[in-house]
Amino acid sequence: MSSAGCAETATPGRFGCHHFSVSTTLRAPRVTSLHVFCGVLVLAILARPLITSAMSAPALSIAGTVFVAVCAQALPFLVLGVLLSGAIAAFVSPAVLRRVLPASPNSAVAVAGVAGIALPGCECASVPVARRLIGQGVPDAAALTFLLAAPAVNPVVLVATAVAFPGEPRMVLARFVGSLATACVMGWLWQRFGRAEWITARARRPVETPPGTSRWLVLAETARHDLVSAGGFLVVGAVAAAALSVLVPAAWTETLAGHLVLAVAVMAVLAVLLALCSEADAFVAASLSVLPLLPRLVFLVVGPAVDVKLIALQAGTFGRSFAARFAPVTFAVAIICALLTGWAIL
Amino acid sequence: MRRETQHVLLLLLGGALLRIAADDTFLRYVRPSHRWLLLAAGAVMVLLAAIALVRDLRGARVGSHHDHSVAERHAPWLLLVPVLVIALVAPPALGADSVTRVGNSPAVLPDADVFTPLPPGGAPDLPVMEFVQRAMFDKAGTLDGRDVTLTGFAVRRGAAVELARLTISCCAADARAARVRLQGGPALDGFAQDTWLRVRGTLVPGSATPAEHYVPAMVVRSVEPAAAPSDPYEY
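Sequences listed follow chains A and B, in order.
Quick note: the first sequence uses this note's numbering, first residue 229, plus one each step.
Quick note: the second sequence uses this note's numbering, first residue 7, plus one each step.
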């Protein structure tokens, strides 16, 4: 977004991107995004009574609370992610990353999966980090493995799972193995079948800063740029999660006891639709005590790998053509990995 | 979108996070320990926006790609949505409506098989979730014959009244309800949906049956309206 002002300038050739050129004040008034912005604010303030009375309907009120909750929950982790992303852009050179990662892409995938243990955060943090890793020359497959592994196998999530399933230590092991397997299998699949052009070119490009900019300013500008663009897509995901939390009938989970196949399918779909934070989903899964462990494991493995909030973030960061391929395949791979580890371990 | 507009949006969003973390508003959405994350995230947003504003004002030319997709160019506008929802509406904490909406599936975790004895005293305060856990799983009968005090909100189901409290792990999106059926006769009739109550009473042993969807019952000795607590959820 760093230059989007140009896109709105009617005659970019004449005035370039310099927003503070005096000429803009001398010309006939032109509508810019700042004008739109002020207009939206004034409208919103004028319409406040209408908005508040509409939001007092029970369903909308619940959705509003869930929306703010998902934003308030996820934004700090997104901020953590963009700061890391900025730090990678500013301080970690491609040469260093090449030295750290094995030369063979297939082993790089495995290393990236295990490296996911080191990022204690939710899925929102890992999207900007994975993008910056790609920008710094890490093989796509390894960066995508990191993207899938980080939110699911870090210690915070595993401890939360252990707390939620006190009598079932195997659940923690099964979640760790299932999620790591999902991440690595996706990496290897990408290595074998993926095409570089599915990832939008802008994801690979560093945020432009004038040569000679200090590293800290590169960090700040990269973090700001990533936050503004990814934040917008996070809001899309939060709106979807809030709407679905009201629209998905609770009866879905009540009638599933005794139908294993149906339970697995419904729990996989619910993991995508509800978009719970990976640190909280174990508690929700544990509370669905009418279900056997296997469908609940599927819920825990699918959720951090693919959900509506993540799909929105990935589409915004890596492009729609990427998300349209990556999300459904991840969904299928995650279900299969969860089922196999579930049968082996639980 | 112009860079200045982006900076203003980021300032507003950071300000909104700082605002809800400054008092107890954030407790409607996330757990108490999240306050520091919100303050830190809000401060970072304000700082990043301020740095960029100052640099732009000094005339540093930053960035010039022209190939952003339409979605990428307009996505930052969406940052205004949480700002407006927080500033204009500030949605309330989840309450009785969300309890009735989630239906009847039990939402209680088995916490332990062996529960510590209740604290001594006439009617010790218990979290509603712990009361339900003890009623469902406690084999030692630590609740039998004991008066306890619960604080929650009223949920009306026809003539029946339940006391409920929501438990969250991360944020309100993962809220689970703990419910207790109140048996107190006419004393309960006056309380509307979502009234906060302090209820003193005794568990009806064996009342958390599958037929009742594992919702235990309580014989109410006394009930009084209470002020809504500053943190509406249990953790």
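Backbone N, C-alpha and C define an ideal beta-carbon position, used for all residues, glycine too.
On a predicted model such as this, the values are computed, not experimentally measured, just so you know.
Residues of the region 194-206 of chain B with a C-beta less than 9 Å from any C-beta of chain A: none at all. Excluding its 5 nearest sequence neighbours in each direction, A/Ala338 has C-beta neighbours in its own chain below 7 Å: Cys412, listed in chain order. Within the same chain, Ser506, Glu507 come within 6 Å of A/Val385 by CB-CB distance, once the 5 residues on both sides are set aside. Residue pairing by DSSP places B/Gly158 opposite B/Leu203 in a beta bridge. Here the alpha carbon of A/Ala471 sits roughly 6 Å from the alpha carbon of A/Ala291. Counted as a single uninterrupted DSSP element, the stretch harbouring B/Met135 is not any beta strand (DSSP E) but the alpha helix (DSSP H) occupying residues 134-143. Straight through space, the alpha carbons of B/Ser39 and B/Thr155 are spaced by roughly 26 Å.
Excluding its 5 nearest sequence neighbours in each direction, B/His13 has C-beta neighbours in its own chain below 6 Å: Ala55, Ala58, Leu59, listed in chain order.
DSSP places A/Glu482 within a helical segment (H, G or I) once states are collapsed to three.
Inter-segment contact for the region 340-360 of chain A and the region 395-403 of chain A is absent: fewer than three beta-carbon pairs are separated by less than 8 Å. Under the three-state reduction of DSSP output, B/Glu230 falls in the strand class. Interface residue (Cβ-Cβ distance to chain B less than 9 Å): A/Glu449 is classified as such.
Here A/Phe421 is exposed: its Cβ has fewer than 16 other Cβ atoms, across all protein chains shown, within 10 Å. DSSP, read as helix, strand or coil, puts B/Val14 in helix. Take the alpha-carbon of A/Cys352 and the one of A/Val463: they are about 11 Å apart. Assignment of B/Leu100 by DSSP, reduced to helix, strand and coil, places it in the coil class. The bridge partners DSSP lists for B/Thr208 are B/Asp153, B/Val225. Its chain contains Leu484, Leu519, Pro523 as the residues whose beta carbon lies nearer than 6 Å to that of A/Ala491, once the 5 sequence neighbours on both sides are disregarded; these appear in chain order. Note that the C-beta distance between A/Ala318 and A/Leu455 is not below 9 Å. Secondary-structure assignment with DSSP links A/Val557 through no beta bridge to anything. Between B/Ala160 and A/Leu262, the alpha-carbon positions lie close to 47 Å from each other. Residue range 488-502 is occupied by the alpha helix (DSSP H) that includes A/Leu488.
Under the DSSP assignment, B/Ala166 falls in the beta strand (DSSP E) whose first and last residues are 166-173. Contact check for A/Pro333 against A/Ala369 passes: the beta carbons are separated by less than 9 Å. Between A/Leu501 and A/Val526, the C-beta gap is not smaller than 9 Å, which leaves the two residues out of contact. Exposed is the label assigned to B/Tyr241, since fewer than 16 other Cβ atoms lie within 10 Å of its Cβ. B/Arg182 has a beta carbon lying within less than 9 Å of a beta carbon in chain A. As DSSP reads the structure, B/Leu45 sits in no beta bridge.
As summarised for the region 249-302 of chain A, there are no continuous beta strand (DSSP E) elements at least 3 residues long confined to that stretch. Contacts with chain B (Cβ-Cβ distance below 8 Å) from the region 290-301 of chain A involve Ile290, Gly292, Thr293, Val294, Phe295, Val296, Ala297, Val298, Cys299, Ala300, Gln301, listed in chain order. Rounded to the nearest angstrom, the gap between the Cα atoms of B/Glu230 and A/Ala340 is 57 Å. In the DSSP assignment, B/Ala184 is bridged to B/Arg171.
Listed along chain B, no residue sits closer than 9 Å to A/Cys412 by beta-carbon distance, the nearest being about 27 Å off. Straight through space, the alpha carbons of A/Glu396 and B/Arg227 are spaced by roughly 39 Å. Fewer than three beta-carbon pairs drawn from the region 284-303 of chain A and the region 428-436 of chain A are found closer than 8 Å, and the two stretches are therefore not classed as touching.
For A/Asn382 and B/Val52, the gap between their C-alpha atoms comes out near 29 Å.
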